[in-house]
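Keeping their order, the protein sequence lines are chains F and S. Residue 57 in our numbering sits at position 57 of the first sequence, and the numbers go up by one each step. Residues are numbered in our numbering as their position in the second sequence, beginning at 1, plus a constant of 396. Where a beta carbon is used, it is the ideal one built from N, C-alpha and C, also for glycine. Just so we're clear, the structure is a prediction, and the values are computed from it rather than from any experiment. Here's the structure, in structure tokens; my notes come after.
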Amino acid sequence: MSPNIEVEHLVQKSRFPKAVYETLGIIAYFPFGVILAVLRVFIAVNALLLTVMLSNYPNIRRPLLKVMSGVLGLIVVEKENSSTKNSRVLVSNYLSLFDHIALHLATGSYTPTNLFSVPVALYFGLISTLTNDNNTTERTILKQFLASDNNNSLLLFPEGATTNGKCALLRFSNVPALISENLQPVALRITRPSFANINLSVLGSKHYTEILWFFFVPFTKFEYKLLEAIQRSEDESNETFMSRVEIAISQELNISTSNITKNDKNDYKKKYFLELAENARKRNNHHVTLDNFEEDPEILRMAAQVTDVLPYVPQNVIVANLRRTRCVDITITNILDGTIKFTPLPPQASKEPKTTPKKTEPNNFGVGSFMDRKTKLIDEARQRYIKKHGLHHLVQ
Amino acid sequence: MAGSALRRLMAEYKQLTLNPPEGIIAGPTSEENYFEWEALITGPEGTCFEGGVFPAKLIFPSDYPLSPPKMSFTCDMFHPNIYSDGRVCISILHAPGDDPMGYESSNERWSPVQSVEKILLSVISMLAEPNDESGANVDAAKMWRDDREGFNKVAETLVRKTLGIPTSK
């Protein structure tokens, strides 16, 4: 277990690889990929229909579906030295949305899901854990499934969330140990051709985008290796039992185990997207301030006029609208009519600029603060009166 | 109701600020209350009130512009159409049907198409040409009619008072 592994190392943030030649490969392949994806969407519909129709004939269905999946780009390869399946509970590392399909095709195992209800789930190699009964838990359903004599096996992903499979495993949950005393680890590895090495399971991506990219790449190779089944020894706790399974898988894949759980991954995802949103916001703000800075003086002059009439409207709102209208009157009307949304400045803040020397400076347009214009009018009238009536002696 | 009144008042303030009529300034007393305005009116040239700057107060009703505002001078005034407490009595400030004196023609009355600017311009022409039939200030009306010289003297003191210039005597 290596202590210095961060969540960051376990997830993929970008769909596209970083290497230059790989990027060029994708650009060259792109048109083919798009055509392939479109074709495969239709084939996938057919495959789905087949899956449902042939659900009563598992012996025909699996080979047929294998071919269909191959056409869709899902290639399953069993690695050499793989053990035979000798446990009814398989435990695998979790890499993508398609893992359970690949392993279902290869081993005929079923994976629990809470997305579909009972009959639908079975068509897709899934077991529904949805129940109407509150007392039945996922565990009891899975135990019932194993207790039934249909000899079907169960595939579990105790990591609970996908990783990029390059660095470490997420911490395993105890669920498999609670269900069975005999677990068979499966080491799964996924590769895509280097000229279309689109990353699987990108952080925060939607299922349908995963599927579309899956159809886009020429093929995705799922290599699995069944490891020796592990039997719980006497008095062994769930934790140690699971950690033995965990270590077996990690050694086979040549990666380390970690203490990171799927919750950590979730938290990281939230934090990452918050940061992205924050950065986007900052960039926008920066954009606005830059714009103000470079604002043409005419707009600033008009903005000052609008501010005189409507002192509670923030400057940036006025400037933004003036840039569109180029007219003081239209902007004022827009603001008064409520076409523009803004947060009014507090009255204290709106009064302050009036007392600053910059604002009160009378300009040639007769637009200064109300107080100033009043004083100016009286002063001018006074001077005129004194001059006209020759009353200098009275005021000196 | 008050919202549309406020909008109308803001628009009028805008108009008066951007295109102020000669010798007139008007605007809300404070940013918080757009329903109380202050106005300065310069006495028209060639009249006894020439050169004076007369402060006045306008109070707008909440259903403005359906109802007219009330206007009163806040300085001492001596004029046939201004009550001794400063209230201005002109037809444009009265809604049709509301005719205390009974001789105002209805086309000069208040209607929503009128505006603060028109009121203030009317007041200026009222200063220039008092209507001595109105009994707002009987003493002033009588003096205006019978002793124009005396009236002019009183007006001059008022003008100087508004400008802060002591009278010559």
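Using the beta-carbon of each residue, which ones in chain S are nearer than 7 Å to residue i?
i	result
residue 94 of chain F	Residues of chain S passing the Cβ test: none, with the nearest at roughly 59 Å.
residue 311 of chain F	427
residue 305 of chain F	414
residue 308 of chain F	413
residue 370 of chain F	423
residue 262 of chain F	Those do not exist, as residue 262 of chain F stays about 54 Å from chain S at its closest Cβ, beyond 7 Å.
residue 336 of chain F	403, 406, 407
residue 391 of chain F	561
So what does DSSP say about residue i, is it helix, strand or coil?
i	result
residue 455 of chain S	strand
residue 223 of chain F	strand
residue 21 of chain F	helix
residue 88 of chain F	coil
residue 15 of chain F	coil
residue 561 of chain S	coil
residue 522 of chain S	helix
residue 260 of chain F	coil
residue 242 of chain F	helix
residue 436 of chain S	strand
residue 430 of chain S	coil
residue 409 of chain S	helix
residue 483 of chain S	strand
residue 478 of chain S	strand
residue 400 of chain S	helix
residue 460 of chain S	coil
residue 468 of chain S	strand
residue 450 of chain S	strand
residue 249 of chain F	helix
residue 137 of chain F	coil
residue 383 of chain F	helix
residue 33 of chain F	helix
residue 378 of chain F	helix
residue 110 of chain F	strand
residue 26 of chain F	helix
So, using beta-carbon positions, are residue i and residue j closer together than 8 Å?
i	j	result
residue 65 of chain F	residue 105 of chain F	yes
residue 183 of chain F	residue 230 of chain F	yes
residue 95 of chain F	residue 233 of chain F	no
residue 160 of chain F	residue 262 of chain F	yes
residue 9 of chain F	residue 97 of chain F	no
residue 551 of chain S	residue 445 of chain S	yes
residue 451 of chain S	residue 471 of chain S	yes
residue 163 of chain F	residue 156 of chain F	no
residue 456 of chain F	residue 137 of chain F	Nothing about residue 456 of chain F can be read from this structure; chain F reaches only from 1 to 396.
residue 52 of chain F	residue 103 of chain F	no
residue 422 of chain S	residue 414 of chain S	no
residue 73 of chain F	residue 214 of chain F	yes
residue 385 of chain F	residue 561 of chain S	yes
residue 11 of chain F	residue 265 of chain F	yes
residue 227 of chain F	residue 83 of chain F	yes
residue 449 of chain S	residue 516 of chain S	no
residue 179 of chain F	residue 89 of chain F	yes
residue 512 of chain S	residue 408 of chain S	yes
residue 188 of chain F	residue 81 of chain F	no
Within the present structure, is the beta-carbon of residue i separated from the nearest heavy atom of the ligand SAM by less than 7 Å?
i	result
residue 492 of chain S	Absence of the ligand SAM from the depicted structure is noted, as is the absence of any ligand whatsoever, leaving it without description.
Residue i and residue j look like a contact to me (Cβ under 8 Å); what is the Cβ gap, rounded to whole Å?
i	j	result
residue 340 of chain F	residue 321 of chain F	6 Å
residue 225 of chain F	residue 252 of chain F	6 Å
residue 236 of chain F	residue 77 of chain F	Not a contact, Cβ separation roughly 33 Å.
residue 217 of chain F	residue 70 of chain F	So it is not a contact: roughly 14 Å between Cβ atoms.
residue 17 of chain F	residue 199 of chain F	7 Å
residue 460 of chain S	residue 404 of chain S	7 Å
residue 332 of chain F	residue 310 of chain F	7 Å
Please list, in chain order, the chain S residues whose beta carbon lies closer than 9 Å to that of residue i.
i	result
residue 161 of chain F	Here the premise fails: no neighbours, minimum Cβ distance about 54 Å.
residue 326 of chain F	Neighbours of residue 326 of chain F on chain S: none; closest Cβ ~15 Å, over 9 Å.
residue 384 of chain F	447
Which chain C residues sit within Cβ distance under 7 Å of residue i?
i	result
residue 421 of chain S	The chain labelled as chain C is not found among the protein chains of the depicted structure, namely F and S.
Would you mind telling me which residues of chain F sit closer than 8 Å to residue i, beta carbon to beta carbon, in chain order?
i	result
residue 553 of chain S	Correct list: empty, because the minimum Cβ distance to chain F is about 13 Å.
residue 409 of chain S	309
residue 482 of chain S	Correct list: empty, because the minimum Cβ distance to chain F is about 18 Å.
residue 438 of chain S	377, 381
Starting from residue i, find everything on chain S with Cβ-Cβ shorter than 8 Å and list it in chain order.
i	result
residue 274 of chain F	Residues of chain S passing the Cβ test: none, with the nearest at roughly 39 Å.
residue 388 of chain F	447
Enumerated in chain order, which unbroken segments of the alpha helix (DSSP H) with a length of 4 residues or greater are wholly contained in the region 144-208 of chain F? Counting whole runs of 4 or more residues, the region 144-208 of chain F contains the alpha helix (DSSP H) stretches 175-179.
List in chain order: all unbroken alpha helix (DSSP H) runs of 4+ residues lying wholly within the region 48-92 of chain F. 58-72
If you scan the region 288-343 of chain F from start to end, which runs of the alpha helix (DSSP H) of 4 or more residues do you find wholly inside it? 297-309, 315-325, 328-337
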